[in-house]
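Chains as they are written, first to last, in my numbering: chain A, 1197 to 1550; chain G, 1197 to 1550.
Right under this line is the structure:
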């Protein structure tokens, strides 16, 4: 199998390293900026890759929405199967990209875009074949989990812990996408669409962890509870609702005990019950490993248009629970409660987790 | 796809129910005892199923080693793909059955035999394609986890809790296979062979939970620890070691927080890191769901002889750790320490988990 790789950052280099060690794959091209083309197989013109009939898979390990979004579409139109780790680009054009792939009879696979190495997309595809998946939720961001875990274990405050996370490489210089919940937003949308087999909106409530202090964590801990940033998704028949929010959990839940930068995903299934998948949600080799699995098991899954047949309706009224404000609690839907919280601390305890 | 089902107990009935709801599968035959053939599709002669060229998959949901072991081999020799949930029969003839399937160019799939609905076998196959898996371990038995979890939460003693588990249907009338660790023994052997891609011995140390009292649990809890029955498997290059034993774990580990009859499996991977998979390890619908996934994704995985190419050597000296006896601790290999414990309480803290 001959492969073209777009992007040569942390994930791209790890993909190259894993593919180069195999006998059944040949990484023929790496797309790079002209001034960085230091290997013979590096090219800066995407068309060289797309016009080569030997290339059956294009791997997208680019970092931002653009030009990844445009390049994915170009690769599909050129008849290439595509594997992407880019959650921002995929989420930006999810319905368009998946529909285009189906129309052009190619596969688009994206395990690494949602939960790094964790096989949540693969298992959402498999489990949704024999189950109605009625909810997805989980810790989907390593940076925020590292911060909350450190704050709990060390009794440190948010700003101090964020700086420590940045020093250790667990948080970026501009941490907004992580701590604001926008990274999780992309992931819960991608996972929900896959699990529910229908396209979903990207317009839903998002609340990050910036307002969480060591005192808040301490006061929850005294009640045997912990706060974690969760992606939440609930489905009732053809209605669904999504959200990203700090969630109040029992200290004895698996989620409350997820350490460091690990992630955990739960799929609630009609026959199988609760299935949870845990592992590294980011990092070069873990993410690249999921990319390479997508490449090697290319033909083995269902990712084309007929998969997304369910017509789903967004209905925020189904995502109800208890809201925790500074000093009081109140029941309502996530969006109502979030509006009421405004700029103050807010955490949520969804009914469907009880 | 037309299917023949052997066995109509709790799992068999659930398999039938799931298959009957689908449009893409037809459950054409159910093998039953002559006096129990109450449906038109029920037959008591296996040859009727095996001689029908329309049948592409035979599902084995029989309970014991015999006649399941013989029937699986007959089905393979008749050119049928086989899906089995029977861990006892599969473990009994693992190398023979897998080799026979490869020689006859059929698939043998067994997700449900090891961890019920949990996709540990599927993911061991997928992850071992891109990783060296260097350890497998986990809570692989719901009965023992239910008992230990209840003992911890209710402060109850072993015999009382076992009776409660029997009343609730979480333990069988003869609970030996579960509480003695023999059920886990089959599972850790099947999972290890799959993850390491080489056949493994079934002759390794097994210690159950019968000696665990509420006082022992209480004394570990005071040290922020918990005891859980784990299947353990470690690999160093071509050497490996297996064991089943009560394991001492931090109270903040995911394993220590696995509730009721749930199971959790960990695969330690060279690229992906630790991947954990959690869910229902038994029960009619959860187990049947894994069976049906195996049927539907029949062609999508690698289960034939070339998969088991690694020549592995059993070497108990690599499985070292700290042994906990009544009142003292000692370091050594699992088998040395178990011998020393004799008939008294024993728990183990493997080095590879630290």
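A virtual CB, placed ideally from N, CA and C, is assigned to each residue, including glycine.
Let me make sure I understand the geometry here. Which of the options has the alpha-carbon closest to that of residue i?
| i | options | result |
| --- | --- | --- |
| residue 1532 of chain A | A/1495, A/1492, A/1401 | A/1401 |
| residue 1246 of chain A | A/1236, A/1263, A/1227 | A/1227 |
| residue 1475 of chain G | A/1481, A/1475, A/1465, A/1388 | A/1465 |
| residue 1508 of chain G | G/1282, G/1389, G/1200 | G/1389 |
| residue 1210 of chain A | A/1360, A/1255, A/1544, A/1233 | A/1255 |
| residue 1524 of chain G | G/1548, G/1278, G/1544, G/1381 | G/1544 |
| residue 1495 of chain G | G/1233, G/1261, G/1279 | G/1279 |
| residue 1600 of chain G | G/1248, G/1297, G/1520, G/1455 | Chain G is shown only over 1197 to 1550; residue 1600 of chain G falls outside these bounds and no answer can be derived. |
| residue 1397 of chain G | G/1410, G/1352, G/1511 | G/1511 |
| residue 1504 of chain G | G/1414, G/1299, G/1262 | G/1299 |
| residue 1379 of chain A | A/1485, A/1260, A/1272, A/1350 | A/1260 |
| residue 1395 of chain A | A/1301, A/1513, A/1293 | A/1293 |
| residue 1277 of chain A | A/1296, A/1263, A/1262 | A/1296 |
| residue 1517 of chain G | G/1550, G/1535, G/1541 | G/1550 |
| residue 1534 of chain G | G/1419, G/1409, G/1403, G/1410 | G/1403 |
| residue 1513 of chain A | A/1528, A/1537, A/1520, A/1314 | A/1528 |
| residue 1341 of chain A | A/1233, A/1420, A/1437, A/1408 | A/1408 |
| residue 1374 of chain A | A/1338, A/1350, A/1399, A/1359 | A/1338 |
| residue 1438 of chain G | G/1539, G/1470, G/1381, G/1267 | G/1381 |
| residue 1469 of chain G | A/1515, A/1358, A/1235, A/1314 | A/1314 |
| residue 1492 of chain A | G/1414, G/1326, G/1360 | G/1326 |
| residue 1195 of chain G | G/1526, G/1197, G/1267, G/1232 | Since the first and last residues shown for chain G are 1197 and 1550, residue 1195 of chain G lies out of range. |
Identify, in the order they occur along the chain, each residue of the same chain with its Cβ nearer than 8 Å to the Cβ of residue i, setting aside the five sequence neighbours on each side.
| i | result |
| --- | --- |
| residue 1362 of chain G | 1368, 1369, 1371 |
| residue 1212 of chain A | 1201, 1204, 1223, 1226 |
| residue 1386 of chain A | 1283, 1286, 1287, 1290, 1306, 1309, 1310, 1317 |
So the alpha helix (DSSP H) residue i belongs to, where does it begin and stop?
| i | result |
| --- | --- |
| residue 1210 of chain A | 1206 to 1216 |
| residue 1396 of chain A | Looking at the DSSP string, residue 1396 of chain A is not in any alpha helix (DSSP H), and its letter there is neither H nor E. |
| residue 1350 of chain A | 1338 to 1350 |
| residue 1267 of chain A | 1264 to 1273 |
| residue 1369 of chain A | Counting along the chain, residue 1369 of chain A falls outside any alpha helix (DSSP H), and DSSP gives it neither H nor E. |
| residue 1521 of chain G | No alpha helix (DSSP H) holds residue 1521 of chain G; DSSP gives it neither H nor E. |
| residue 1201 of chain A | Run containing residue 1201 of chain A: none in the alpha helix (DSSP H); it sits in the beta strand (DSSP E), 1198 to 1202. |
| residue 1527 of chain A | Run containing residue 1527 of chain A: none in the alpha helix (DSSP H); it sits in the beta strand (DSSP E), 1525 to 1529. |
| residue 1288 of chain G | 1283 to 1288 |
| residue 1357 of chain G | 1354 to 1363 |
| residue 1317 of chain A | 1316 to 1326 |
What are the boundary residues of the beta strand (DSSP E) that includes residue i?
| i | result |
| --- | --- |
| residue 1445 of chain A | 1435 to 1446 |
| residue 1256 of chain G | 1251 to 1256 |
| residue 1278 of chain G | 1277 to 1280 |
| residue 1308 of chain A | Neither: residue 1308 of chain A is in no beta strand (DSSP E) and is coded neither H nor E. |
| residue 1242 of chain G | From DSSP, residue 1242 of chain G is part of no beta strand (DSSP E) but of the alpha helix (DSSP H) over 1242 to 1246. |
| residue 1222 of chain A | 1222 to 1227 |
| residue 1260 of chain A | Taken as a continuous stretch (DSSP letters only), residue 1260 of chain A belongs to no beta strand (DSSP E), as it is neither H nor E. |
| residue 1333 of chain A | 1329 to 1335 |
| residue 1230 of chain G | Looking at the DSSP string, residue 1230 of chain G is not in any beta strand (DSSP E), and its letter there is neither H nor E. |
| residue 1544 of chain G | 1543 to 1546 |
Give me the Cβ distance between residue i and residue j, rounded to the nearest whole Å; I'm assuming they're in contact under 8 Å.
| i | j | result |
| --- | --- | --- |
| residue 1377 of chain G | residue 1425 of chain G | 6 Å |
| residue 1312 of chain A | residue 1479 of chain A | 6 Å |
| residue 1487 of chain G | residue 1257 of chain G | 7 Å |
| residue 1477 of chain A | residue 1459 of chain A | 3 Å |
| residue 1344 of chain A | residue 1412 of chain A | Not really, about 10 Å apart at Cβ, beyond 8 Å. |
| residue 1506 of chain G | residue 1393 of chain G | 5 Å |
| residue 1304 of chain G | residue 1253 of chain G | Not quite, the Cβ-Cβ distance comes to about 11 Å (not below 8 Å), so this is no contact. |
| residue 1353 of chain A | residue 1410 of chain A | 5 Å |
| residue 1548 of chain A | residue 1520 of chain A | Not a contact, Cβ separation roughly 17 Å. |
| residue 1485 of chain G | residue 1467 of chain A | 4 Å |
What does a CB cutoff of less than 7 Å around residue i pick up in its chain, not counting 5 residues either side in sequence?
| i | result |
| --- | --- |
| residue 1333 of chain G | 1426, 1427, 1428, 1429, 1462 |
| residue 1422 of chain A | 1348, 1416, 1445, 1447, 1452 |
| residue 1450 of chain A | 1460, 1472 |
| residue 1391 of chain A | 1320, 1324, 1329, 1332, 1463 |
| residue 1383 of chain A | 1283, 1310, 1311, 1336, 1427 |
| residue 1275 of chain G | 1300, 1302 |
| residue 1265 of chain A | 1285, 1288, 1289 |
| residue 1269 of chain G | 1293, 1296 |
| residue 1357 of chain A | 1343, 1346, 1347 |
Using a Cβ-Cβ cutoff of less than 6 Å, which residues in the same chain neighbour residue i once the five nearest sequence positions on both sides are dropped?
| i | result |
| --- | --- |
| residue 1215 of chain A | 1221, 1223 |
| residue 1619 of chain G | Residue 1619 of chain G lies beyond the residue range present for chain G, which begins at 1197 and ends at 1550; the question has no answer from this structure. |
| residue 1230 of chain G | 1240 |
Which runs of the alpha helix (DSSP H) at least 4 residues long sit entirely within the segment 1409 to 1489 of chain A? Give them in chain order. 1410 to 1418, all fully within the segment 1409 to 1489 of chain A.
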